[in-house]
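Below you'll find the structure, written out as C-alpha cells, and then a few comments.
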Amino acid sequence: MTDFQKLHTAAIGKYEMCKNDPFRFFMRSIVAGLYLGLATILSYTLAVLLIEHHVIAAKIAFAGAFGIGLVIIVLLGSELFTGNCFTSMFSVYHGDLKFVDIIPMWIICYVGNFVGIALVCFLFIKSGVNHDAMNQYLANVVSGKLNFDWLQLLIKGILCNFIVCAAAFVGMKLKEEIAKTIIMMIIVMTFVLPGFEHSIANMGTFSMAFTALGTSISWAGVWLHMVLSTLGNIIGGSIMLALPIYLMNRPEK
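Mind the numbering: the sequence shown is residues 3 to 255 in the working numbering, read in order.
What follows is the structure in C-alpha cells.
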C-alpha cells in the first residue's frame with residue numbers, strides 16, 4: 003500500500019467512524035487525552051525533581067519524556083486532534099470530502115482529548131505529589147506561556163504540529179515497534195525542547211494550573227492562548243505538512 007493509500011484510507015476510516023459511531027470516536031479521543039496525560043505526569047515530575055539541581059537537565063528530561071504520549075497513542079490506537087488535522091485532510095485534498103464535513107470530527111476529537119487529559123492532570127495535582135515544588139514550577143510555566151506575542155504563539159503552534167504530524171507519519175510508515183518508539187520520541191523532543199505550543203498538551207498544563215493555583219490564573223489569557231495555539235496546530239498539520247505530502251504522493255490522473 004502506498005503512502006497516499008495509507009493516509010487516504012485512514013482519513014476516510016476516521017470520518018466514517020465519527021459519522022456512524024460518534025460515541026466510539028469520542029471515547030477514542032478521550033483515551034488519547036488520557037495517554038497524553040500520562041506523558042504529562044512523567045515530564046512534569048522529572049522536571050520538578052531535576053530543576054533545583056540543573057535547569058538545562060530538567061528541560062531536556064521534560065522534552066525527552068513527553069514523546070511517550072504519542073508513542074502510546076500510535077501503538078495502542080486512539081484519536082489525537084493534532085494528528086487528525088494532518089490525516090483527515092487527505093480526503094479533502096483528494097475531493098472525497100469537503101472541509102466542512104471533517105469539522106464535526108475535529109470538534110468531537112478536541113473535546114474528547116480535553117476530557118481525557120484534564121481528568122488525568124486534575125487527579126495528578128489532587129494526589130499531592132511534590133505539592134509545593136510542583137505548584138511553583140507550574141506557576142513559572144504558566145506565567146511564561148501567558149506572556150506571549152500573538153504572532154510568535156501562532157508560529158509556535160504551526161511548527162509544533164508540523165513536527166508532531168511528521169512524527170505520527172513516521173510511526174505510520176515504520177513497522178518495527180522499537181524503531182517507531184525511538185524515532186517518534188526524538189521527533190517529539192524537537193517541538194518540546196524549543197517550547198513550541200501543542201494545544202492538547204496545553205490543556206493538561208492549564209488544567210493542572212487551575213487545579214493547583216486557582217483564580218490566580220488569567221482565564222482570558224488562557225482562552226486566547228488556546229485559540230491561537232489551536233489555530234497554529236491546524237495550519238501546521240493540515241497545510242504545512244499535509245498539503246505537500248499529498249501533492250508528492252497523490253496518484254496520477
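Virtual Cβ for every residue (Gly too), placed ideally from N, Cα, C. As the structure is a computational prediction, the values presented were derived from the model and not from experiment.
Can you tell me whether residue i is buried or exposed, with buried defined as 16 or more other CB within 10 angstroms of its CB?
i: Val-224; result: buried
i: Lys-177; result: exposed
i: Arg-30; result: buried
i: Leu-72; result: buried
i: Ile-58; result: exposed
i: Met-242; result: buried
i: Ser-209; result: buried
i: Ala-60; result: buried
Starting from residue i and walking both ways along the alpha helix (DSSP H), at which residues does that stretch end?
i: Phe-164; result: 152 to 175
i: Met-242; result: Per DSSP, Met-242 belongs to no alpha helix (DSSP H) and is neither H nor E.
i: Ile-62; result: 57 to 68
i: Pro-24; result: 24 to 53
i: Thr-217; result: Neither: Thr-217 is in no alpha helix (DSSP H) and is coded neither H nor E.
i: Gly-85; result: 83 to 89
Let me make sure I understand the geometry here. Which of the options has the alpha-carbon closest to that of residue i?
i: Asp-134; options: Tyr-37, Ala-211, Glu-199; result: Ala-211
i: Ala-13; options: His-55, Glu-81, Phe-150, Ile-202; result: Glu-81
i: Ile-184; options: Leu-52, Phe-193, Gly-173; result: Gly-173
i: Glu-54; options: Glu-18, Asn-132, Lys-128, Gly-97; result: Asn-132
i: Met-107; options: Gly-39, Thr-89, Asp-5; result: Thr-89
i: Met-250; options: Trp-152, Phe-92, Leu-153, Asn-142; result: Phe-92
Look up residue i in the DSSP assignment and say whether it is helix, strand or coil.
i: Gly-197; result: coil
i: Thr-4; result: coil
i: Val-131; result: coil
i: Gly-223; result: helix
i: Asp-103; result: helix
i: Asn-149; result: coil
Are residue i and residue j close, meaning C-beta to C-beta below 7 Å?
i: Ile-110; j: Phe-28; result: yes
i: Ser-240; j: Cys-87; result: yes
i: Gly-206; j: Thr-84; result: no
i: Tyr-37; j: Ile-74; result: yes
i: Phe-6; j: Arg-252; result: yes
i: Tyr-163; j: Gly-238; result: At residue 163 the sequence reads Asn, which differs from the Tyr that was named. The answer is yes: Cβ separation under 7 Å.
Does any residue of chain D have a CB that is nearer than 7 Å to the CB of residue i?
i: Ile-43; result: This model lacks chain D altogether; it includes just one protein chain.
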